[in-house]
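Line by line, the protein sequences are chains A and B. Each residue of the first sequence is one higher than the last, beginning at 1 in the working numbering. Each residue of the second sequence is one higher than the last, beginning at 1001 in the working numbering. First the structure, in the form of structure tokens, and then the observations on it.
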Amino acid sequence: MLRRLRTDAAGLAIALVVAFPLYWMALSALKPRADLEAGDPAPFTLAPTLDSFRRVLLVEDFGRYLLNSLGVAAAVVVFSTLCAFLAAVALTRYRFRSRATLLIMVLIAQMVPVEALTIPLFFLMRGIGESVPQLGLNHLGSLVLVHTAFATPLAIWMLRGFVAAVPRELEEASWLDGASSFTFVRRVLFPLTAPGVVATSIFAFIMTWNDFLFATTFIISAQENQTLPVALLSFFRPDENDWGAIMAGSVLMTLPVLVFFLFVQRRLASGLGGAVKG
Amino acid sequence: MATPAPPLRVAGRALARLRRSGRLEPWVYLAPALVVLGALLAYPLYQLVLVSFYDYRQPQVTGAEPLRFSGWANYRTLLADPQFWEVLGNTVVFAGACVTGTLAVGGCLAVLATRLSAWVRTLLFLAALGAWATPAVTGSAVWLFLFDPSLGPVNQALAGLGMTGFEGHSWTYTKWSAFGLVLSQVVWCSFPFVMVTLYAGIRSIPGEVIEAARLDGASTGRIALSVMLPMLRPAMVIVTIQSIIWDFKIFTQIYIMTGGGGIAGQNLVLNVYAYQQAFASGQYGLGSAIGVVTTALLLAISLVYLRVLRRQGEVL
């Protein structure tokens, strides 16, 4: 009994340490600016204020960057899920010669360190921008393009199992009812794999939402097209960091991911969650 | 002499034959993914290798000087540059420390979690979930604030405990202290994956196995070492290799917390080094060569991972 109590106390202490950075983030976002600048060490505040949030959203135009990030992530979710779902259909419900090779290529594509591709992708986007400005450098389209490509391999891999789980008999039944194979895929298969689609969408969303490297490389001079991570970094100013604003911005950026994580938490242990970090 | 059929008609006939037998259908479904992955993953990968063999700097980008094939020159420059070896060493040591730290913390907490009361375990998992969900950018920002020289709670607490040397102490000033700071952030946000996976692994060991070992007179330590550890091996291999792959290509945390690679580049790792060579110094060819080295190293690790997965019966 005493031993149980001691391990519980240790577990509780560790949970507090792990949660502390997030607690401090939320606390500092709510502390009055004067307290922060005076280095108030109190782990609580008696005068919580939304001033920092107001400052970020109204003065620093954070709302715009939030919408930019949301837009890019939403577009990536739609495009990557569509590409991945159709590919998963081909790879699980058809038998053809290059099937196994393609599956291995999907797996390898998932492992390509995309960070190393920054240089060629930068020039590719510059080239694309010369003919279609909206998809080139300094435009959000460039981010949609690359993240769709980055999210698709993992999404194919994840959706494969969901698509394969739909019984063959359903396909035969709908064929007998006169449905074409495309109708079957659209009207029967897609709704039945909805849970898988939701899960892959969330992973694609988080991956895109968190990206800093490509956002900072592609959006060079168009400040109005920045996404959250880059905007947050612009709050850092030598020797006069507005920590209240940085923490309020961090809260705004972390919250959506936290909510999504709670949604998919049961799936995390299977190892698929691993792909999100990095 | 028979004249060869016009290529278009041949292609048309082949297409018709494919369609008749329904063999075209999977390719229609595959087309969008193949186009996207081909154009934005395979082609850039090919370009990366290609550019690494060219003398490609700012004058070539603007078109002031012609593009020149330079063979292995970029790689020779790289291998002769002491900074490259230092960066490679940094990367290996830093990634190694991150992997060790993540596995140690995640593993210990997974074992601890099995012995906790349900409500404490829930709290621990919730805290871990929060750390896991935090984006690298915001995690880095928060960590910088916690360890801020004058306003951070860590220095204030240390000074409050009588260690006045920490008043205004900069954690990012010296090389290994800066690496240590980034390391702690990386461990904080990546141990939850290890903990959750290993916890699930421990839970999936049937109670009868442990019971049988105990009846045979095995001690707790012996059971952990000879029964549980071998059964956890598959899960351990996966989390180890995954950790190696992530920690080897860390970019955001280093870039943000050390201000782009630290004082005089003391905290550069391969990815940040390639980025700086290309986008700060305009050495795109050299940056690509570094990118090729990184990719080769990571693909090698990934192939080991692939083999492990296959051996564990992942269906392809």
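Think of the CB as a built atom: it goes at the ideal place given N, C-alpha and C, for glycine as much as any other residue. The model shown is predicted, which means the values in this text are computed figures rather than measured ones.
B:A1002 in three-state terms, based on DSSP: Per-residue confidence for B:A1002 stands at a pLDDT of 48, beneath the threshold of 50, marking its modelled position as unreliable; no derived number is given.
Output the distance between the C-alpha atoms of A:Q265 and A:S174, rounded to the nearest integer angstrom. 35 Å
Identify each residue in the region 1263-1275 of chain B for which the Cβ-Cβ distance to at least one residue of chain A is less than 8 Å, and report them in chain order. N1271, A1274 and Y1275
Considering only their Cβ atoms, is the gap separating B:T1138 from A:T254 smaller than 8 Å? yes
Within a Cβ cutoff of 6 Å, which residues of the same chain sit near B:W1132, ignoring the five residues on either side of it in sequence? P1192
Strictly by DSSP, which residues pair up with A:F44? Answer is none; A:F44 lacks a bridge partner.
Just the chain A side, please: which residues come within less than 8 Å of B:V1099 by C-beta, in chain order? Neighbours of B:V1099 on chain A: none; closest Cβ ~13 Å, over 8 Å.
So A:D61 contacts chain B; which residues on that side make the cut at Cβ distance below 9 Å? The premise fails here: A:D61 is roughly 18 Å from chain B at the closest Cβ pair, so nothing lies under 9 Å.
Under 8 Å, Cβ to Cβ, is there at least one residue of chain A near B:G1063? no
Euclidean distance between Cα positions of A:I219 and A:G127: 15 Å
Min CB distance A:W157 to chain B below 8 Å: no
Per DSSP, what kind of secondary structure is A:Q226 in: helix, strand or coil? coil
Would you call the region 144-160 of chain A and the region 76-96 of chain A in contact, with 3 or more CB pairs under 8 Å? yes
Quick one: is B:E1025 near chain A, going by C-beta distance under 8 Å? yes
Does any residue of chain B bring its CB to less than 8 Å from the CB of A:G244? no
Beta-carbon separation (whole angstroms), B:L1124 vs A:A73, contact threshold 8 Å: Their Cβ separation, rounded to whole angstroms, is 30 Å, which puts B:L1124 and A:A73 out of contact at 8 Å.
Length of the line joining the Cα atoms of B:V1209 and B:M1228: 9 Å
Mind checking if A:T254 is an interface residue toward chain B, Cβ cutoff 8 Å exclusive? yes
Simplified DSSP state of A:F184, which is helix, strand or coil: helix
Could you check which residue in B:L1151, B:R1233, B:L1030 and B:M1236 has the C-alpha nearest to that of A:S98? B:L1030
Under 8 Å from the C-beta of A:L82: neighbouring residues of chain B: P1032
Which of helix, strand or coil does DSSP assign to B:D1055? strand
Any C-beta of chain A sitting closer than 8 Å to the C-beta of B:Q1156? yes
Spatial distance of A:V276 from B:G1217 (CA atoms): The pLDDT assigned to A:V276 is 42, lower than 50, so where the model puts this residue is not dependable, and the model offers no usable value.
So with Cβ pairs under 8 Å, would you call A:L272 a contact of chain B? Interpretation of A:L272 is limited by its pLDDT of 42, a score under 50 that renders its predicted location unreliable; no figure is taken from the coordinates.
From the DSSP output, which residues share a beta bridge with B:Q1336? This structure cannot settle anything about residue 1336 of chain B, because the visible part of chain B is limited to 1001 through 1316.
Simplified DSSP state of B:Q1283, which is helix, strand or coil: strand
Leaving aside the five residues before and after A:Y65 along the sequence, list all residues of the same chain whose C-beta is less than 7 Å from its C-beta, in chain order. Q226, T227, L228 and A231
Might you give, ordered along the chain, the residues of its own chain that have their beta carbon closer than 6 Å to the beta carbon of B:L1286, omitting 5 neighbours on each side? N1074 and Q1277
Can you give me the Cβ contacts of A:P48 inside the same chain, cut-off strictly under 8 Å, excluding the 5 residues immediately before and after it? L30 and K31
Taking 8 Å as the limit between beta carbons, can you name the residues of its chain near A:L137, skipping five residues before and five after? F122, M125, R126, G129, F218, I219 and I220
Chain-ordered chain A contacts of B:Y1284 [CB-CB under 7 Å]: I119
Tell me whether B:A1136, by its Cβ, gets closer than 7 Å to a heavy atom of the ligand NAP. Annotation note on the ligand NAP: not contained in the displayed structure, which lists no ligands.
Beta-carbon gap between A:P21 and B:L1146 smaller than 8 Å: yes
Are any of the Cβ atoms in chain A nearer than 8 Å to that of B:Y1029? yes
Here's the rule: buried if 16 or more other CB atoms are within 10 angstroms of the residue's CB, otherwise exposed. What is A:R93? buried
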